[in-house]
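As structure tokens, the structure follows; a few thoughts come after it.
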Amino acid sequence: MLFYAMFLMAFVLHAQTEQVNADRAQRHLSEAIQIRTVSQIDESKMEWTEFERFHAFLEHSYPLIHNTLLREKISKASLLYTWQGTRPDLDPIALLAHMDVVPAVDEDGDLWQHPPFSGFNDGEYIWGRGALDMKNVLVCVMEAVETLLEEGYVPERTVYLCFGHNEETTINEGNGAYAIVNTLKERGIHLESTLDEGGAVLPIDIKGVLQANLVGIGIAEKGFANVKITVRADGGHASQPPKHTAAGQLAKVVRDLERHPFEPEMLTIVDDMFRTVGKNTEFPIRWLAPFLLDFQPLFFAIACQFPPGAAFVRTTMACTMLEGSPSPNVLPEEACVIIDCRMLPGTTAEDVERHIRKVVRNKDIEVEFVRCKETKAISPVDSKAFAVLTELSQQRDGKNIVAPYLVMGRTDSYHYEAICENIYRYSPFLVPTSLLLTTHAANERCPVEELAESVRFYKMYIKKMTE
Ligand SMILES: [Zn+2]
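The structure is reproduced here in structure tokens:
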């Protein structure tokens with residue numbers, strides 16, 4: 006017991022002694038937000054000079070990094086930094102972030118309390134687009150490396166910093182992370198692990214059941230597809246309509262799809278996640294949870310009642326964009342719907358098309374995949390990186406429950422499946438859900454006090470992974 010207490014004290018002291026320049030981190034995040042690195046689906050609309058400004062900002066903000074690490078521009082504006090380790094026999098690690106942001110809604114209106122590209126620091130928050138997604142991470146990673154260099158730290162393992170420029174808009178060809186991975190692959194590099202955005206900290210507060218933070222380490226992410234379904238019919242004047250127009254037929258397609266979702270299935274990762282949470286709940290839920298998970302039909306019936314629960318156990322389909330006639334008095338010659346489909350890892354585009362054709366009774370539909378990303382890799386939970394993330398998370402708060410997590414959104418990480426098996430998505434920023442919802446919305450802002458904690462986290466993570 007005494008030994009354990011001493012060990013814990015040494016550990017806590019060690020964490021506290023990790024030096025951080027908090028003022029500098031705040032200043033740099035403010036500056037980073039002021040540079041409008043907005044990515045656009047139509048790349049001709051991108052302002053490349055802003056990305057050049059961002060590169061220059063990094064260069065003058067982090068002199069030691071630019072003196073010591075090799076910096077390469079990859080693709081149009083992505084950056085790859087190499088911090089050479091002393092042991093070339095060890096596989097390198099990579100820290101990932103994207104420098105692009107989504108456009109700001111209502112930029113000139115009064116939705117924003119402080120303008121989205123102001124980087125305004127009110128002492129409690131730093132405001133603006135990218136404050137949480139994810140210039141905060143990029144800046145904290147740079148701060149951590151710069152500080153480690155100031156302290157004379159030399160890694161044994163090589164460290165790559167991989168910063169994409171179009172995560173928000175581009176999936177495969179043309180994606181900066183994709184180009185970085187191809188560069189590393191051509192050089193024959195295999196990564197020990199990668200760390201990127203996408204993890205989640207969910208504060209759970211259900212009295213008598215569970216009161217703690219659930220820290221999800223993303224070990225897999227859902228695939229996604231935008232599927233366009235088109236039906237055709239004779240056009241003509243709307244004054245003499247047939248029984249069903251193309252729009253009417255399309256409505257039946259939508260009804261068929263909504264009535265026949267994918268069957269739920271239990272992936273090991275999701276089972277692990279629910280069991281880990283279950284173990285940490287109070288009696289009698291703690292006692293009931295394993296039985297419930299063992300009896301899948303009942304578990305699925307409950308989980309599928311809630312959209313977030315259903316998303317964990319099935320491939321989801323959402324009918325989003327509809328298009329028909331261009332005018333009220335014109336019968337549509339074609340009508341189409343876009344299905345936004347989020348596939349469980351392992352489910353392919355072929356599986357999706359098969360399901361659509363099976364459940365839609367109209368056999369004359371046209372099915373086209375507009376965009377598609379299949380995922381299958383699930384990272385292990387017994388790797389060094391997973392253990393380090395768990396340790397650092399619990400060190401910050403002993404009550405944190407760390408569990409493997411299936412990421413719903415998409416990240417640049419999945420490209421790294423080509424050169425790495427240990428791919429983790431985790432964020433050291435403890436942010437309440439209400440604040441997290443400002444990502445991609447108005448009033449995105451980062452709590453100032455989280456910056457120092459996060460720089461400290463990245464310093465410790467790098468040290469533990471490279472020595
Ligand atoms: Zn992001």
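Counted the way my numbering counts, the sequence shown spans residues 6 to 472. Just so you know, even glycine gets a beta-carbon here, dropped at the ideal spot from N, CA and C.
> Hey, is H170 close to ligand 1, as in C-beta under 7 Å from one of its heavy atoms?
Replying inline: No.
> What first and last residue would you give for the alpha helix (DSSP H) that runs through A315?
Replying inline: Start and end: P312 to V318.
> Would you say the beta carbon of E103 comes nearer than 7 Å to a heavy atom of ligand 1?
Replying inline: Checking the sequence, you will find His at residue 103 rather than Glu. Answer for H103: yes, Cβ within range of ligand 1.
> Beta carbon of E55: closer than 7 Å to some heavy atom of ligand 1?
Replying inline: With a cut-off of 7 Å, the C-beta of E55 is classified as distant from ligand 1, since no heavy atom of the ligand falls inside that distance.
> Could you check where the alpha helix (DSSP H) with Q400 kicks off and where it finishes?
Replying inline: It spans K389 to R401 - the alpha helix (DSSP H) in which Q400 sits, taken as one unbroken run.
> For H103, does the three-state DSSP call read helix, strand or coil?
Replying inline: If DSSP states are grouped into helix, strand and coil, H103 belongs with the strands.
> Residues in its own chain within less than 6 Å of E328 by CB, not counting five upstream and five downstream?
Replying inline: Counting only Cβ-Cβ distances below 6 Å, and skipping sequence neighbours, we find C341.
> In or out: F374 buried (at least 16 other Cβ within 10 Å) or exposed?
Replying inline: Exposed, because fewer than 16 other Cβ atoms sit within 10 Å of the Cβ of F374.
> Going by beta carbon distance, what residues of the same chain come within less than 7 Å of P121, once the five residues before and after it are set aside?
Replying inline: A109, E112, G133 and R134, listed in sequence order.
> Would DSSP call D299 helix, strand or coil?
Replying inline: Of the three classes helix, strand and coil, the one that applies to D299 here is helix, per DSSP.
> For V335, which of L200, Q245 and L293 has the nearest alpha-carbon?
Replying inline: Scanning L200, Q245 and L293 for the CA closest to the CA of V335 turns up Q245.
> Below 8 Å between beta carbons: does that hold for V164 and A102?
Replying inline: Contact flag unset, no.
> In terms of alpha-carbon separation, which member of V412, L394, T438 and Y421 lies closest to Y463?
Replying inline: Closest option to Y463, Cα to Cα, is L394.
> How would you label W88, buried or exposed, when you count the other beta carbons within 10 angstroms and need 16 or more for buried?
Replying inline: W88 counts as buried, since at least 16 other C-beta atoms from the protein chains shown sit within 10 angstroms of its C-beta.
> Leaving out five residues before and five after E52 in sequence, what residues of the same chain have Cβ atoms less than 8 Å from its Cβ?
Replying inline: Cβ neighbours of E52 beyond the five flanking positions: R41 and V43.
>> Check for me: the alpha helix (DSSP H) holding C536 runs from which residue to which?
In response: The first residue shown for the chain is 6 and the last is 472, placing residue 536 beyond what the model contains.
> Is it buried or exposed for E197, if we count other Cβ within 10 angstroms and need 16 for buried?
Replying inline: It counts as buried.
> Under the criterion of a Cβ to heavy atom distance below 7 Å, does M147 qualify as lining ligand 1?
Replying inline: Incorrect: M147 has no Cβ contact closer than 7 Å to ligand 1.
> Does the Cβ of M413 lie closer than 7 Å to at least one heavy atom of ligand 1?
Replying inline: Not under cutoff, so the answer is no.
>> Output needed for G203: all residues of its chain with C-beta closer than 8 Å, excluding positions within five of it in sequence on either side, in chain order.
In response: Excluding positions up to five away in sequence, the list reads G223, E226, V412, G414, T416, S418, R430, Y431 and S432.
> At which residues does the beta strand (DSSP E) containing Y466 begin and terminate?
Replying inline: That residue, Y466, is in no beta strand (DSSP E); its alpha helix (DSSP H) goes V453 to T471.
> S439 by DSSP, collapsed to three states: which one?
Replying inline: Annotated three-state conformation of S439 is helix, per DSSP.
>> Please return the same chain residues whose Cβ sits closer than 7 Å to the Cβ of A457, not counting the five positions on each side in sequence.
In response: Closer than 7 Å at Cβ, skipping near neighbours: V25, A27 and A30.
> Taking the continuous alpha helix (DSSP H) assigned at A27, which residues delimit it?
Replying inline: Start and end: A27 to Q39.
>> Helix, strand or coil, according to DSSP, for K378 in the structure here?
In response: Look at K378 here: in three-state DSSP terms it is strand.
>> So, for Q45: in the same chain, excluding its five sequence neighbours on each side, which residues have a beta-carbon less than 7 Å away from its beta-carbon?
In response: M51 and T174, listed in sequence order.
> With burial defined as no fewer than 16 other Cβ atoms inside 10 Å of the residue's Cβ, what is the status of D138: buried or exposed?
Replying inline: Classification of D138: buried, given that the 10 Å Cβ count is 16 or more.
>> For S198, list the residues DSSP reports as bridge partners.
In response: Looking at the DSSP assignment, S198 forms a beta bridge with I98.
>> Using a 10 Å radius around the Cβ and a threshold of 16 neighbouring Cβ atoms, would you call G228 buried or exposed?
In response: G228 should be labelled buried.
>> Using a Cβ-Cβ cutoff of less than 8 Å, which residues in the same chain neighbour G240 once the five nearest sequence positions on both sides are dropped?
In response: Non-local beta-carbon contacts of G240 in its own chain, meaning distances under 8 Å to residues more than five positions away in sequence, involve V335, L336, P337 and E338 in chain order.
> For A323 versus D345, is the C-beta spacing smaller than 8 Å?
Replying inline: Yes, Cβ-Cβ distance for A323 and D345 is below 8 Å.
>> Three or more C-beta pairs under 8 Å: does that hold for the stretch 264 to 281 against the stretch 292 to 306?
In response: Proximity of the stretch 264 to 281 to the stretch 292 to 306 meets the contact definition, three or more beta-carbon pairs being nearer than 8 Å.
> Just how far apart, CA to CA, sit S459 and K378?
Replying inline: Here the alpha carbons of K378 and S459 stand approximately 31 Å from one another.
> When burial is assigned at 16 or more other CB atoms within 10 Å of the CB, is S35 buried or exposed?
Replying inline: By the neighbour-count rule (16 or more Cβ atoms within 10 Å), S35 is buried.
> Taking one C-beta from the stretch 174 to 188 and one from the stretch 419 to 428 each time, how about it: are there three or more such pairs within less than 8 Å?
Replying inline: Yes, the stretch 174 to 188 is in contact with the stretch 419 to 428.
> Does the Cβ of E226 lie closer than 7 Å to at least one heavy atom of ligand 1?
Replying inline: For E226, the Cβ stays outside the 7 Å cut-off from all heavy atoms of ligand 1.
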